[in-house]
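Its first residue numbered 715, the sequence shown is counted upward by one per residue in my numbering.
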Amino acid sequence: MQHIYKTLLILLGFLVISCGPKKTAAERKADATKENVIEKNLAAKPSFKTMQGRLKGSYDDGEDSQSISVSIRIEKDKAIWLSAKLAGIIPLAKVMVTPKRVQFYEKINGSYFDGDFSLLSKWLGTELDYEKVQNLLIGQPIYELKSKKYILSSSQNGYQLSSIEKTPVARSFLIDLLTFRTKAQQLLREEKNQAVMITYDDFYGRENYDMPKNIIIIANQEDKTTKINIDYRSLAFNEPVSFPFEIPSGYEEIIIE
Numbered sequence: 715m716q717h718i719y720k721t722l723l724i725l726l727g728f729l730v731i732s733c734g735p736k737k738t739a740a741e742r743k744a745d746a747t748k749e750n751v752i753e754k755n756l757a758a759k760p761s762f763k764t765m766q767g768r769l770k771g772s773y774d775d776g777e778d779s780q781s782i783s784v785s786i787r788i789e790k791d792k793a794i795w796l797s798a799k800l801a802g803i804i805p806l807a808k809v810m811v812t813p814k815r816v817q818f819y820e821k822i823n824g825s826y827f828d829g830d831f832s833l834l835s836k837w838l839g840t841e842l843d844y845e846k847v848q849n850l851l852i853g854q855p856i857y858e859l860k861s862k863k864y865i866l867s868s869s870q871n872g873y874q875l876s877s878i879e880k881t882p883v884a885r886s887f888l889i890d891l892l893t894f895r896t897k898a899q900q901l902l903r904e905e906k907n908q909a910v911m912i913t914y915d916d917f918y919g920r921e922n923y924d925m926p927k928n929i930i931i932i933a934n935q936e937d938k939t940t941k942i943n944i945d946y947r948s949l950a951f952n953e954p955v956s957f958p959f960e961i962p963s964g965y966e967e968i969i970i971e
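Spelled out as structure tokens, the structure:
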């Protein structure tokens, strides 16, 4: 079962400067409001219809480490498809995510999951849905930003939006000072001593819809730390995509209690 969780974590861990005179960072910070920062962050969201490509993923929890090659296909707001190979050669697993369903099977143990987002939500420590998973993969906040729910602060590292309401999960988002892309997001569940930090290290240019090049997910639970590193490789946009997926017969179903 631990191998199953690790495989799924790796797979799903795999998410405009205007013309004219440029303002200094200090001037930009002085002009910023919550509404302005949120609006520009949303405008910086990749706006493709379909995406396909390859990525390299690695996993390390201090006791075990693994590296896999993954083919990824996305039809915006409709489907996310992932096919993984161990060491780039051995077929390992496939994932199919739609707004109402999460399906997954892995070949080593001959097991599968066919259900809702409970398996992913259990690991991340917060309720997930299709939009949240998609936003994680394309470099956008997994929670919708609404100005009344956040307080704005700024530093040389960027604009920070932090939740002000008392909720089970405290949230904060770091937004780039110039491009307004999401640089990092953190979820903290204090009562369970859980924290997840997602950072986006560098981005492609506008020809690749400002997609993140690298995503790092660090999950802390009590005294254990898990790190997932996702590197996007070749990417293509707005081309026809298909989502071949069929759970093999004879596989054992994963039941979430």
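Glycine is no exception: its CB is placed at the ideal position from the N, C-alpha and C atoms.
Sequence-distant residues of the same chain with beta carbon closer than 8 Å to E841, five excluded per side: Excluding sequence neighbours, E841 sits near F831 and S835.
Contacting residues, own chain, Cβ-Cβ under 7 Å from P805 (five flanking each side not counted): K799 and K821
A744 (DSSP reduced to helix, strand or coil): No answer about A744 holds up, because its pLDDT of 46 lies below 50 and its placement is not dependable.
Residue-level contact to chain C via CB, F827, 9 Å cutoff: No chain C is present in this structure, which holds just one protein chain.
Inter-residue spacing [alpha-carbon to alpha-carbon] between G824 and D916: 37 Å
I930 and I912 closer than 9 Å at C-beta: yes
Terminal residues of the alpha helix (DSSP H) in which T847 lies: According to the sequence as given, residue 847 is Val; it is not Thr. Taken as a continuous stretch (DSSP letters only), the alpha helix (DSSP H) holding V847 covers Y844 to I852.
Contact set for N952: own chain, Cβ-Cβ below 7 Å, skip 5 residues either direction: So the list reads F762, K763 and T764, once near-sequence residues are dropped.
Host beta strand (DSSP E) of S876 (start-end): G872 to S877
Contact under 9 Å by Cβ, E904 with A884: yes
Beta-carbon separation (whole angstroms), K938 vs Y914, contact threshold 8 Å: Not really, about 24 Å apart at Cβ, beyond 8 Å.
Separation of K863 from N750, as counted between CA atoms: 15 Å
Alpha carbon of G882 to alpha carbon of A757, nearest angstrom: With the sequence shown as reference, residue 882 is identified as Pro, and Gly is not the correct amino acid for it. Each residue's alpha carbon lies about 29 Å from the other.
Rounded C-alpha distance that separates I786 from R920: 20 Å
Rounded straight-line distance, which links the Cα of I944 to that of K860: 28 Å
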